[in-house]
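The structure appears below as structure tokens.
In my numbering, the protein residues as written are 7 to 294.
What follows is the structure, given as structure tokens:
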């Protein structure tokens, strides 16, 4: 067990996790600006991008690059600097460090070395989109980016199809249509969802409707900007799970199909829940 006193007297340096704006520079907090001015070094995902932020707030602190491609090299260097007494602020290009961005491995190493880690609150696209979505805000399940390959996405989505929580995903504009196509195929057309586009920026927009309607919008629109995809949870998943042992297999499959799942996905989910052979469930359902 380990207990951390964040603001006591320190014998080593401190790692500060500093959120940056996701679009609107006015979302930078006073504390974040002061921290970036006071630390000895800023570990930035993209030093060129962060330099624009530093220039805007007249911050002269030196930077060092820290991104997903140099973590194995940088982490020992940063930990050594912290152990020697330097204070370091870690920032990503936008939003919270470690949330779909670099940071987690550095934090883990600092915790292992008993170096104090101090998080600052700030902008986060997932939560910003969630509270304005109109969907149930809690509980929610943040997933971030799905896998890029179709097969990987389908496998991930199949494990999420019965979650009762509101689901939160991130997606780039050029992959939005493909990802929504896979979500509709696994979750069904009827489930409600929201696309939150360009949050906090000039062209911020919310597109609300069924998953089928969201896919239609993405198909007919010249898609631009970064997206948060929010999907309503499966409201019948708990009921199905509770009655698992009492509900005939085909009835349970039909319930899931009625909730919007495709027959093949419903069969796979039921077979997995009941620990049955999927092919046998398939043959039995289709009377083959």
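Ideal Cβ positions, reconstructed from N, Cα and C, are used throughout, including at glycine.
Check, Outcome
"Residue 150 - partner residues in DSSP beta bridges", "175"
"Residue environment, residue 108, which counts as buried when at least 16 other CB atoms sit within 10 Å", "buried"
"DSSP three-state assignment for residue 80, whether helix, strand or coil", "helix"
"C-alpha gap between residue 120 and residue 94, whole angstroms", "15 Å"
"Cβ neighbours of residue 91 in the same chain (closer than 7 Å, five flanking residues each side left out)", "18 and 19"
"Start and end residues, alpha helix (DSSP H) containing residue 136", "131-139"
"CA-to-CA distance, residue 235 to residue 224, given in whole angstroms", "12 Å"
"First and last residue of the uninterrupted alpha helix (DSSP H) at residue 264", "255-264"
"Burial state of residue 208 (16 or more Cβ within 10 Å)", "exposed"
"Limits of the unbroken beta strand (DSSP E) element including residue 69", "69-71"
"Per DSSP, cross-strand counterpart(s) of residue 233", "177 and 203"
"Separation of residue 33 from residue 105, as counted between CA atoms", "18 Å"
"Residue range of the beta strand (DSSP E) that includes residue 215", "211-216"
"Per-residue DSSP class, three states only, for residue 248", "Interpretation of residue 248 is limited by its pLDDT of 45, a score under 50 that renders its predicted location unreliable; no figure is taken from the coordinates."
"Opposing strand residues paired with residue 96 [DSSP bridges]", "23 and 49"
"Nearest candidate by alpha-carbon position, reference residue 212, set 282, 137 and 57", "137"
"Neighbourhood of residue 244 by C-beta distance below 8 Å, restricted to the same chain and skipping five residues each side", "Low per-residue confidence applies at residue 244: pLDDT is 46, beneath 50, and the placement is therefore not dependable, though the value from the model is reported in the following sentence. Hits under 8 Å: 170."
"Identified DSSP bridge partners for residue 125", "23"
"Bridge partners - residue 101, DSSP secondary structure assignment", "26"
"6 Å Cβ shell around residue 113 - same chain, five flanking residues per side excluded", "123"
"Backbone CA spacing between residue 13 and residue 22 [nearest angstrom]", "12 Å"
"Buried/exposed call for residue 258, threshold 16 Cβ in 10 Å", "buried"
"Same chain, Cβ closer than 7 Å to residue 45, five either side skipped, listed in chain order", "22, 67, 93, 94 and 95"
"Start-to-end residues for the alpha helix (DSSP H) that takes in residue 286", "284-292"
"Distance between residue 16 and residue 141 (C-alpha atoms, nearest Å)", "44 Å"
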